[in-house]
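Asker: For the sequence shown, the positions run 182 to 613 when our numbering is used.
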Amino acid sequence: MTDTAFQKASPSRVGAAAKRPTRVATVSWGGKAVQIGGTHPVVVQSMTNTDTADAIGTAIQVKELAMAGSEIVRITVNTPEAAAAVPAIREQLDRMGIDTPLVGDFHFNGHKLLTQYPECAQALSKYRINPGNVGGGKKREDNFAQMIEVACRYGRPVRIGVNWGSLDHELMARLMDENSRRAQPWEASAVMREALVTSAIDNARRAEALGLPHNAIILSCKVSHVQDLITVYRDLSARCDYPLHLGLTEAGMGSKGIVASTAALAVLLQEGIGDTIRISLTPEPGGDRTREVVVAQEILQSMGLRAFTPMVVACPGCGRTSSTFFQELADSIQSYLRRQMPVWKTRYPGVETMNVAVMGCVVNGPGESRHADIGISLPGTGEIPAAPVFIDGERTVTLKGDTIAQEFQQIVEDYVERRYGVGARVHNQADS
Ligand code: SF4
């Protein structure tokens, strides 16, 4: 066989599959409308962990999540006190200029809270209903119907959110029974996955039969194992056209939660499955709740599906680097860029696609820095203590001494103004 026998006729395709066709649900508040599904970009959402009855504390956390980039924020509505606080949370957010839509998470008593606290129903932009937690038998039908009636009355979309930790026992028992009569019964885990998908779709159809529009329904089937989640969502996606909310439930703490969520969601997103995501991380004690928003954004941006903030490419460092200076610089530049984004995203449109490289030595430093929009190659062990800066692939200044970090940050700022500022936009319009 000749070498040319290995050559391909055309290059391999890069990128995720096109998003699967779904209906589009709109979650809105005031002038803000977040669209979920269809060809709209995958929406990032999050959930508070404050006591919802604490209206001020919850409003502050919603604001923090929104400022970090959460496009929708869910709050639990679990008690009469929480339901009574929801309008105050909404008012407080409106006063702070935060128009992020709020989603109410209802379990067990949602039918009572939504009907007894109409101002709560009005202040929420979407309701999450877990069909496994609305009661049993006849009560189940009535309670579910009451919540759907409220959604219809206020014109609110609903997420039918099934969770394997609270799967509808009656449905599961029925499917297990049917399974036992199969010539070759499925494994119990396969019956459980089937029950999740069936529960989500059956309840969505019931909601439609009760009057909820088809495009006001979003589905989720959350499990805590990566392979189960992938299988469940592939099935769900093949069997309905409702927009899908993706998330690995109880993903866990620290790197475990991030890795497991990323592993599961990346596979599905690559296949075009998923219209909104939430990363369910357990915060470290005293940890920042906004981490789940940052991780969700980083998954989407790493996959090239959306851009939220300039990305910093940094080498891992090795024996060629004698200090941690380049790690500190990479970290401070990444934090600085993220801090600027609330202002930059309106002042410098397109800046979120910028790439910055911070490299540790001459081996890959100049090459990687040239590929970035702006990069710096720091000196490794035994190298001349000088850090060349590359802008748009060209070597420009060389930084030296104790002020490299400050000078590089200033160079980044100047570059952002020059490339994405008003002057650059006027210049580009004149050229076109
Ligand atoms: S660029 Fe240099 S310092 Fe960074 S990992 Fe590669 S060899 Fe090591």
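Cβ coordinates follow ideal geometry from the N, Cα and C atoms, glycine included.
1) Pick from Pro282, Asn384, Gly238: whose alpha carbon is nearest that of leucine 305?
2) Is it right to say aspartate 349 is buried, meaning 16 or more other beta carbons lie within 10 angstroms of its own, or is it exposed?
3) Counting only the same chain and skipping the five closest in sequence on each side, list residues whose C-beta sits under 7 Å from that of glycine 218.
4) In angstroms with no decimal places, state the Cα-to-Cα distance between isoleucine 253 and glutamate 431.
5) Using the three-state DSSP reduction, which class does glycine 278 fall into: helix, strand or coil?
6) In the DSSP assignment, find the unbroken beta strand (DSSP E) run with tyrosine 308 in it and report its ends.
7) Using a Cβ distance threshold of 8 Å, determine whether the stretch 495–506 contacts the stretch 459–470, with at least three qualifying pairs required.
8) Since serine 550 is in the alpha helix (DSSP H), which residue starts that stretch and which ends it?
9) Excluding the 5 residues flanking threonine 492 on each side, which residues of the same chain have their C-beta closer than 6 Å to its C-beta?
10) For the beta strand (DSSP E) containing glycine 218, list its first residue and its last residue.
11) Give every residue of the same chain whose Cβ lies closer than 6 Å to the Cβ of alanine 263, excluding the five residues on either side of it in the sequence, and list them in chain order.
12) Could you give the DSSP three-state label for alanine 568: helix, strand or coil?
13) Does the stretch 567–585 come into contact with the stretch 516–531, if we say contact requires no fewer than three beta-carbon pairs (one atom in each stretch) closer than 8 Å?
14) Along the chain, where does the alpha helix (DSSP H) containing phenylalanine 287 start, and where does it finish?
15) Does the beta-carbon of serine 442 have 16 or more other beta-carbons within 10 angstroms, so that it is buried, or is it exposed?
16) Any chance the CB of asparagine 609 is under 6 Å from a heavy atom of the ligand SF4?
17) So, for cysteine 333: in the same chain, excluding its five sequence neighbours on each side, which residues have a beta-carbon less than 8 Å away from its beta-carbon?
18) Label alanine 397 either buried or exposed according to how many other C-beta atoms from any shown protein chain fall within 10 Å of its C-beta, with 16 as the threshold for buried.
19) If I'm right that glycine 317 touches glutamate 351 with Cβ under 8 Å, what's the distance once you round it to whole angstroms?
Answerer: If we stick to the structure as given:
1) Pro282
2) buried
3) Setting aside the 5 residues that flank it on each side, glycine 218 is surrounded in the same chain by Thr203, Arg204, Val205, Ala206, Pro424, Asp456, each with a C-beta closer than 7 Å to its C-beta; the list follows chain order.
4) 20 Å
5) coil
6) 307–310
7) no
8) 546–552
9) Before going further, note that residue 492 is methionine rather than threonine in the sequence given. Within the same chain, methionine 492 has close Cβ partners Asn536.
10) 213–218
11) Thr233, Ala234
12) strand
13) Touching, no.
14) Unbroken run through phenylalanine 287 is the beta strand (DSSP E), 283–287; no alpha helix (DSSP H).
15) buried
16) Relative to the ligand SF4, the beta carbon of asparagine 609 is positioned no closer than 6 Å to any heavy atom.
17) Leu391, Gly392, Leu393
18) buried
19) 7 Å
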